[in-house]
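Undergrad: With positions in the sequence shown counted from 1, the corresponding number in our numbering is that position plus 11. Using N, Cα and C, we set each Cβ at its ideal position, and we do this for glycine too.
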Amino acid sequence: MGPDVNGTGGAGRRISAQAVCTAIRDDIISGHFAPGTRLTEEQLAKRYGVSRVPVREALRTLESEGFVRTRRHAGASVAEPTDQEAADLLEIRGLLEPLGAARAAQRRTEAHVKVLRGLVRLGQERSARGQLSDLPALDGWFHETLAQASGSPTLVALLTQLRHKIAWVYAVDSPGRAAESWEEHGSVVDAVARGDAERARAAMAGHVERAGSVHRLRRPERAGRGAPPR
């Protein structure tokens, strides 16, 4: 994580808490901390080389995001999403992503369009070459850029948190859909570039619906260990 920022100063404390929050969230999403795992301030402070102050702040943030739950007398632990909570994530994505695409069509800049087209080109090239390991990062960058193009900080924050939670709860089996997925991305960008909000909304809605078919729920007891398809 870099040098220890022990949280004794105001600005330093905020920066450190944000960094610790990101590190803990990444460890939860990757499965290093499985659902139900107890999280103690002492344990986390030692792992990330910080004091307990930024850890305490990070845990509060992660609790507000739904990654951590705190119980009286039991302390903090990694949350254990129910099947209904998991299903809700994909349903919410189906509402927010199309809205973001429509807003992007209305508010995007030429710079946004240039980056989006470049990402689509890279995604299609990697798909054609079978370089599938590059695609998750490109996909994340694509959706992040599209959200930024919406011009709504609130929507960006919601979509970012939603992507994190979906990555935590679901595994994605999409080798056979890679080329199709990037063609769909291209259709979204075409509509955004033309400023056609309704076409962008519809294209993204179709993409999200089809993408849902390749998501498989990670079972809590197997988080991070490659749960079998349900």
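Quick one: measure Cβ to Cβ for Ala214 and Ala202, integer angstroms, because I've assumed they're closer than 8 Å.
TA: 5 Å
Undergrad: Spatial neighbours of Val66 within its chain, please: CB distance less than 7 Å, with the 5 preceding and 5 following residues excluded, ordered by chain position.
TA: Around Val66, the same chain offers Val31, Glu52, Leu55, Ala56 as residues with beta carbons nearer than 7 Å, after the five sequence neighbours per side are excluded.
Undergrad: Along the beta strand (DSSP E) that carries Arg205, what are the first and last residues, could you check?
TA: No beta strand (DSSP E) contains Arg205, which is instead part of the alpha helix (DSSP H) from 189-205.
Undergrad: Residues in its own chain within less than 7 Å of Val180 by CB, not counting five upstream and five downstream?
TA: Here the set comprises Pro92, Ala97, Leu100, Leu228, Arg229.
Undergrad: Which complete alpha helix (DSSP H) runs does the segment 139-181 hold, if anything under 4 residues is left out?
TA: Correct list: 146-160, 164-180.
Undergrad: Does the count of Cβ pairs from the segment 119-135 and the segment 70-89 closer than 8 Å reach three?
TA: no
Undergrad: Using a threshold of 7 Å, state whether the C-beta atoms of Ala90 and Gly77 are closer than that.
TA: yes
Undergrad: Could you give the distance in angstroms between the alpha-carbon of Arg36 and the alpha-carbon of Arg210?
TA: 35 Å
Undergrad: In this structure, does DSSP put His218 in helix, strand or coil?
TA: helix
Undergrad: Select from Arg212, Ala178, Glu191, Pro109 the residue whose C-alpha is nearest the C-alpha of Ile40.
TA: Ala178
Undergrad: Following the continuous beta strand (DSSP E) through Ser88, name the residue where it begins and the one where it ends.
TA: 86-89
Undergrad: Compare the beta carbon distance of Ala115 and Leu157 with 7 Å and say whether it is the shorter of the two.
TA: yes
Undergrad: Measure the C-alpha to C-alpha separation of Glu5 and Ala34 and round it to an integer number of angstroms.
TA: Lying before the first or after the last residue shown, residue 5 is absent from the chain, which here runs from 12 to 241.
Undergrad: Tell me which same chain residues have a C-beta within less than 7 Å of the C-beta of Arg104, skipping the five on either side of it?
TA: Correct list, in chain order: Leu173, Ile177, Val219.
Undergrad: Which residues in the same chain as Thr48 place their Cβ atom closer than 8 Å to its Cβ, once the five residues preceding and following it in sequence are excluded?
TA: For Thr48, where only same-chain residues beyond five positions count, the Cβ hits under 8 Å are Ser88, Val89.
Undergrad: Under the DSSP definition of a beta bridge, which residues are partnered with Leu50?
TA: Ala87
Undergrad: Drop a sphere of 10 angstroms on the beta-carbon of Ala139, count the other beta-carbons inside from all chains shown, and report buried for 16 or more, exposed for fewer.
TA: exposed
Undergrad: Where does the unbroken beta strand (DSSP E) through Val79 begin, and where does it stop?
TA: 79-82
Undergrad: Select from Arg221, Ala28, Val200 the residue whose C-alpha is nearest the C-alpha of Arg118.
TA: Val200
Undergrad: Taking DSSP as the reference, what is the three-state secondary structure of His226?
TA: Of the three classes helix, strand and coil, the one that applies to His226 here is strand, per DSSP.
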